[in-house]
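These protein sequence lines are chains A and B, in that order. Counting in this note's numbering, the first sequence runs from 819 upward without gaps. Counting in this note's numbering, the second sequence runs from 1119 upward without gaps. Have a look at the structure below before the remarks.
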Amino acid sequence: MRLGSGTFAACCVVIEVLGVALFLRGFFPTPVRSSSRTEHQAEPPAPEPSAGASSNWTKLPPPLFRKVVIMLIDGLRDDFVFGSKGVKFMPYTTYLVEKGASHSFVAEAKLPTVTMPRIKALMTGSLPGFIDVVRNLNSPALLEDNVITQAKAAGKRIIFYGDETWVKLFPRHFVEYDGTTSFFVSDYTEVDDNVTRHLDKVLKRGDWDVLILHYLGLDHIGHVSGPSSPLIGHKLREMDSILMKIHTSLLSEERETLVPNLLVLCGDHGMSETGGHGASSVEELNTALILISSAFERKPGDIRRPKHVQQTDLAATLAIGLGLPIPGSSVGSLLFPTVEGRPVREQLRFLHLNAVQLSKLLQENVPSYTKEPGFEQFKMSERLHGNWIRLYLEENNSEVLFNLGAKVRRQYLDALRTLSLSLSRQVAQYDIYSMLVGTVMVLEVLALLLLSIPQALSSEAELEVPLWSPVFSLLFYLMFLVLSALHVIVCTSAESSCYFCGLSWLTAGGVMALISALLCAVGSALAKMFADGKFLSKNPAHPKARWSELDVLILLGTMGHVLSLGASSFIEEEHQTWYFLINTLCLALCHEIYRNCFLRDDCEPQQCSHVEEGFVSPAPALQDRSIRCNMLEPHRVSKGPTSLDTLRGYEKWMVLASPWVILTCCRLLRSLNQTGVQWAHRPDLGHWLTSSDHKAELSVLAALSLIVIFALVQRRCSLTSKVAMALGLLGVYCYRAAIGNVLFPWQRDSKDISKGVIEARFVHVFVLGILFTGTKDLLKSQVIAADFTIKTVGLWEIYSGLVLLAALLFRPHNLPVLVFSLFIQTIMTKFIWKPLRHDAAEITIMHYWFGQAFFYFQGNSNSIATVDVSAGFVGLDTYMEVPAMFLTAFATFAGPVLWASHLVSFLSSETSGSALGHACFCYALICSFPVSAYIILVTSLRYHLFIWSVFSPKLLYEGMHILITAAICAFFTAMDQTNTKS
Amino acid sequence: MKDTDIKRLLYTHLLCIFSIILSIFIPTFFLENFSILETYLTWLCICSVFVTAINLVLYLVVKPNASSKRSSLSYKVTRFLKRCIYFLMSCFFFHVIFVLYGAPLIELVLETFLFAIILSTFTTVPCLCLLGPNIKARLRVFSRNGVTSIWENSLQITTISSFIGTWFGASPIPLDWERPWQVSPISCTLGATFGYVAGLVISPLWIYWNRKQLTYKNN
């Protein structure tokens, strides 16, 4: 079957999107969570199982403790309490741990070891996955079921002092709070004094049930001077004295009320040997957890090592201790020592509640839950428990009762451990099988693209897709069978759940067939290439195609960029790579221009060689062996001498000056938005403009920018779209004025700030109008075959519609980015691409580079935090998912999209024939190259320290980028189709 | 004849490398706490002066291209002055390019300018010595098939390798190793120096290995 190279590339990218999606699904396991939110917590607690006999315990058990004080010390590593430091600096705590009525544990935190996710883990008992960060971009408040919300619902009064993250996570939950900001890391006394100063007052009062204290000082010391600094000792001593104060006060209160209280001392994460945290070293993961209460009996001389438990276990324990239902998505199991002192019936009741909650969570998250060992254990212990209750109610022999009780308890504890383990494995493990299948698909597509370069970039821009060749059909069926067998084997033997195995058999079979078909295609392409290679080696008169400096630069730049993705710093500062590359590109263009301008007279030999090439090349062009040469120089053949000498006077000077103008523009844009990580704090023009003192300047700049945008865009539009464009841009300014970003000259102060829905919709109407006109023109050009100009105008209208939409969505200080983008495109078109006659491949790659650079000029970076979510609300009254997602994606990727659409309109207006197909192919190739390389890199770096903070966001960006590339390629192909038809 | 030429080229290049090494070690005898990283501005000046001096001396001694017929003093002086102006211009030109590449405009002006000077020393000075103040000749040398002697060929190689060294010298700046030499102009300067030295080493070898294929118009 013969396909145009554009169509072929589009198909390839679509398959690649599927592969990347599968990979992403495997890489980001969905977090384990219960479907029931806190709102409808009406379901009654599970009644006590009783085989036959009726039990009267159907309600939640009453709380074990009257008051609970949670003292959370940020960065409290386990050896700060249990190690030599603890003995030295925390004498009271050490006494409690060794001899007092307490239970001490080493609680293991999960990744990422950063405060906010850890607070979530402590309070919900769930493991926040990375994808949560993206999902909760809008709402900082914790919506999941958690202990604090449950406590509030149960009418407990909660007081909080400390890190204000809590206040953001739990708004309106605390009857009294004082949040301290953790912004100034160098301050480690004030932050803690702000917490402690409330303590005396609060401890005397009796009007609260839960007191939460979050001390930040220790973590700050760690950040500043590391865990071995002498300051740590002082801080630990201070914490010890605070603990003593709280404990004595609680004890004295207990003497009056005779109901035990609970004091919890815990850390949220540890501290690495350099003092930081966030990664997965043992020092960062292990935190101290001590539960202190007079309810905990202890025989003298009972020395225990702190047991290793999970951090998530605290939520379930606190819920039981406070008499609350266990948070729905908690994966923790009750810390059993805390209830050891209770009667056996109560113990079993607590264990049962916990097991019921965990098994419910398992049912919701694992499709084949009945096969899980934990679930079977749970069912068995529930049956035993019922028997025990019957015996108990019948008041049987106490010895039998006791033995059976001990057995049930052991069963429950086993079941809990297994359940908790299998649930947390759901989150913690990569789904390697899905990742592998996705990677294989992506790599096969890339190989196919690479192998088909010579054909796809030949002058016909068509290629034979050898899917149905009979020789390979046997291989195809064999591959298909082998892969299906593998699939069955992997899926039946896999321990953890796997997304790809969860798919229906038909879908999985389809994917397998696709993979084997791709493999066959790659194989046949390879075979063909070898055959051609043999044919060519007999044919010695094969001319060596030349590489210009520009081609070398383009190739090396692409390679270098792909290689740089392996280093986390280069990902954080990827904008620098692109700025650097486009600067170098401009200088290379400059060199080319100057050489062409000044060395007209003495470059005779070069021209000769060009002409010679022109004569020889067409014959072996089809079987060209040197892939790269052909890829980069498909049009050299028809190129001939450049047309610089036809330019005269002013134009020539403009050509000479244009690279410098572009370089200056890029430098200006660079100082508009500082992005990345290392230099993000530097002052930039964007911040200066958005500060409220400079509103007038911003207004002038925005107005000017809009005018220039109009001037640059209108020249090739039809009259109607010119008018629409002008009105639309006016609407953009009105919208920005309405939401209070900019000022009208007659409006001195911004009083009434609205959401600007009407203005934004006004602009939306014009955007749609312009896009509609453009589409209409394109359709018309398809019907009236001869008229070529209509198509050009139509494409330009679509482009200008996108520009208008971008102008609406960009924040006003970013409008210059749009202006410069248009300006550079105009200059490049007029003075560089046309006179120098670059071929389609080179122009495509330059467009891609500039598109990438403009992505960062907009202020984007490779972290999720820089996504401008507000763009999703432009013109919408309420949050609507689909339009909001579309608008946000467009606003984020406006740079690449605008450059790509400019590429389409430029190529279809300037060149003819196969250029669009070539461009589409090159675009697909150059976009899929980094994605495929990055997927492999991420797979090999999946246990890297920065996998969650740096590599994962970049992976999401890449996934989004390939999706957008697929859309662009589809557009390309559509244009190419109309081209070939006309 | 060619072999002797290549030998001469090799010796001159070795001398240039020697001058750079001297510029690192000699100041330690005269200046206290001298090291490349800590007092690198001083080192830049010294290195630049050394390399310029050795280039001038070598040019006067070796005389790679046939000296011009006219040799009146005034002509020589104007030529020399012209070269100085060209050198300054190239310094400013490089400075502008560094700023375009993202060097801060206002801060670190001295550092950036010294960096521009040293890059000019590595690239423009040999060029001025060899080709004289002639832009067209420079453009010719730096385009494909434009060289006419092994001297020009070696000039091409050293210059390009200095530029490439500078270019790659900028790449460790974003990395988070937090080393003292990762600051903006230092790593580029070091890259330029390494590139220049590498070019000096490579060019005689490359010319020697390719001496059969190389045919120059004049030779």
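Glycine is no exception: its CB is placed at the ideal position from the N, C-alpha and C atoms.
Three-state secondary structure assigned by DSSP to residue i
i                  : result
Gln1795 of chain A : helix
Tyr1033 of chain A : strand
Cys1316 of chain A : coil
Leu894 of chain A  : coil
Phe1814 of chain A : Lying before the first or after the last residue shown, residue 1814 of chain A is absent from chain A, which here runs from 819 to 1800.
Val768 of chain A  : As shown, chain A starts at 819 and ends at 1800. That puts residue 768 of chain A outside it, with no answer to give.
Glu1280 of chain A : strand
Lys1362 of chain A : At Lys1362 of chain A, the pLDDT of 47 sits below 50, so the modelled position is not reliable and the matter cannot be decided from this model.
Lys1470 of chain A : helix
Glu866 of chain A  : coil
Val1028 of chain A : strand
Gln1676 of chain A : coil
His1041 of chain A : helix
Asp1419 of chain A : Since pLDDT at Asp1419 of chain A reaches only 45, below the 50 mark, its modelled position is unreliable, and the value read off the structure follows with that caveat. Three-state result, Asp1419 of chain A: coil.
Gln1128 of chain A : strand
Thr1310 of chain A : helix
Phe994 of chain A  : Phe is not the amino acid found at residue 994 of chain A; the sequence shown has Glu there. Here Glu994 of chain A sits in strand by DSSP.
Trp1295 of chain B : coil
Neighbour flag for residue i against chain A, beta carbons, 8 Å
i                  : result
Val1265 of chain B : no
Tyr1204 of chain B : no
Pro1303 of chain B : no
Asn1328 of chain B : no
Leu1237 of chain B : no
Leu1257 of chain B : yes
Closer than 8 Å at the beta carbon, the chain B residues around residue i
i                  : result
Tyr1775 of chain A : Here the premise fails: no neighbours, minimum Cβ distance about 18 Å.
Below-8 Å beta-carbon distance, residue i vs any chain B residue
i                  : result
Glu1391 of chain A : yes
Leu1481 of chain A : yes
Gln1181 of chain A : no
Ala1385 of chain A : yes
Arg1123 of chain A : no
Lys1457 of chain A : With a pLDDT of 40 at Lys1457 of chain A, under the threshold of 50, the modelled position of this residue cannot be trusted; read the value that follows with caution. Judged by the 8 Å Cβ criterion, Lys1457 of chain A is not in contact with chain B.
N- and C-terminal bounds of the beta strand (DSSP E) containing residue i
i                  : result
Val1805 of chain A : There is no way to answer for residue 1805 of chain A, as the model of chain A reaches only from 819 to 1800.
Asn1104 of chain A : 1104-1110
Gly1504 of chain A : Per DSSP, Gly1504 of chain A belongs to no beta strand (DSSP E); it is in the alpha helix (DSSP H), 1503-1508.
Cys1084 of chain A : 1080-1085
Arg820 of chain A  : 820-822
Proximal chain A residues relative to residue i, where beta-carbon distance stays under 8 Å
i                  : result
Ala1288 of chain B : Phe1398
First and last residue of the uninterrupted alpha helix (DSSP H) at residue i
i                  : result
Asp981 of chain A  : First-last for Asp981 of chain A: 976-981, but that is the beta strand (DSSP E), not the alpha helix (DSSP H).
Arg1197 of chain B : 1191-1218
Leu1152 of chain A : No alpha helix (DSSP H) contains Leu1152 of chain A, which DSSP labels as neither H nor E.
Trp875 of chain A  : Run containing Trp875 of chain A: none; DSSP gives neither H nor E here.
Partner residues on chain B for residue i, Cβ-Cβ distance less than 7 Å
i                  : result
Arg1488 of chain A : Gly1220
Under 7 Å from the C-beta of residue i: neighbouring residues of chain A
i                  : result
Lys1254 of chain B : Phe1416
Pro1292 of chain B : Ser1387, Phe1388, Glu1391, Gln1394, Gln1496
Under 9 Å by beta carbon: chain A residues contacting residue i
i                  : result
Val1227 of chain B : Within chain A, no residue comes near Val1227 of chain B; the closest Cβ sits about 15 Å away, beyond 9 Å.
Val1351 of chain B : Since the first residue of chain B shown is 1119 and the last is 1337, residue 1351 of chain B is not available in this structure.
Within chain B, partners of residue i - CB distance below 9 Å
i                  : result
Asn1401 of chain A : Ile1215, Leu1218, Tyr1219, Gly1220
- Message: If contact is defined by three or more beta carbon pairs under 8 Å, each pair taking one atom from either stretch, is the region 1022-1038 of chain A in contact with the region 965-981 of chain A?
- Response: yes
**Study point:** Given 8 Å, three or more beta-carbon pairs between the region 1190-1197 of chain A and the region 1223-1242 of chain A
**Key:** yes
Practice prompt. Would you be able to state if there are at least three C-beta pairs under 8 Å between the region 1153-1170 of chain A and the region 1181-1190 of chain A?
Written response: no
**Prompt:** Pairing CB atoms from the region 1675-1694 of chain A with CB atoms from the region 1730-1748 of chain A, are three or more of them under 8 Å?
**Reply:** no
Are the region 1035-1046 of chain A and the region 885-902 of chain A in contact at 8 Å, needing three or more beta carbon pairs? yes
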